[in-house]
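The structure under discussion appears below in the form of structure tokens.
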Amino acid sequence: MCGRGRRAFPGAPCRDAAPRGTAGNPGIERWFADVSGGTAHPDRWDTTPDPGAAERIVRRCAAVHPALATARVLTHRVGLRPWRPRIRLERETLPNGAMCVHSYGHGGCGVTVSWGRAVSWGRAAEALALLTGRSGP
Numbered sequence: 288m289c290g291r292g293r294r295a296f297p298g299a300p301c302r303d304a305a306p307r308g309t310a311g312n313p314g315i316e317r318w319f320a321d322v323s324g325g326t327a328h329p330d331r332w333d334t335t336p337d338p339g340a341a342e343r344i345v346r347r348c349a350a351v352h353p354a355l356a357t358a359r360v361l362t363h364r365v366g367l368r369p370w371r372p373r374i375r376l377e378r379e380t381l382p383n384g385a386m387c388v389h390s391y392g393h394g395g396c397g398v399t400v401s402w403g404r405a406v407s408w409g410r411a412a413e414a415l416a417l418l419t420g421r422s423g424p
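Last residue of the sequence shown? That's 424 in our numbering, and every number before it is there in order.
Structure, rendered in structure tokens:
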């Protein structure tokens, strides 16, 4: 899907509580805030915020995690979401011999899950470097 989407970033009132999210209503913990909920609008390319959508996100998230009902929302973000038919996940050896791991095309959650992806693929790259005896250029 190509288009726009939004996320709400409430303060982090529920670090030790679960669940973090549900299908269609993601909840991902970041150091500065929780990433809560989201929307997707195929073929819409404007980034004008919709206050009604923001309120619906907070209500849906509060239904799963009541502490979010009174959390101060730090920001709402509306962004454009490019899409690929498949995730690109491959290793490439650069001309200088350095290894590059491509991991992108995760759709609307790409930036949201990027921190975890970076950690997991960084570990995979380190393991591969150990196995092949190559640690860089």
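Glycine included, C-beta positions come from ideal geometry on N, C-alpha and C. These numbers were taken from a predicted model, which means no experiment stands behind them.
Could you tell me the distance, in whole angstroms, from the CA atom of residue i to the CA atom of residue j?
| i | j | result |
| --- | --- | --- |
| Ala350 | Asp337 | 21 angstroms |
| His352 | Val360 | 14 angstroms |
| Val365 | Pro372 | 22 angstroms |
| Ala412 | Leu355 | 37 angstroms |
| Asn383 | Trp408 | 20 angstroms |
| Leu415 | Cys387 | 11 angstroms |
| Arg378 | Leu417 | 15 angstroms |
Considering only their Cβ atoms, is the gap separating residue j from residue i smaller than 8 angstroms?
| i | j | result |
| --- | --- | --- |
| His389 | Arg375 | yes |
| Asp419 | Leu367 | Reading off the sequence, residue 419 comes out as Thr, not Asp. Not a contact, by the Cβ cut-off of 8 angstroms. |
| Ala340 | Thr326 | yes |
Pick helix, strand or coil for residue i, following the three-state DSSP scheme.
| i | result |
| --- | --- |
| Thr326 | strand |
Does the distance between the C-beta of residue i and the nearest non-hydrogen atom of the ligand NAP fall short of 7 angstroms?
| i | result |
| --- | --- |
| Ala349 | For the ligand NAP, the structure offers nothing, since it holds no ligand at all. |
Quiz item: What are the uninterrupted segments assigned as beta strand (DSSP E) that are 3 or more residues long and contained completely in the stretch 349-389, given in chain order?
Solution: 360-368 and 375-380
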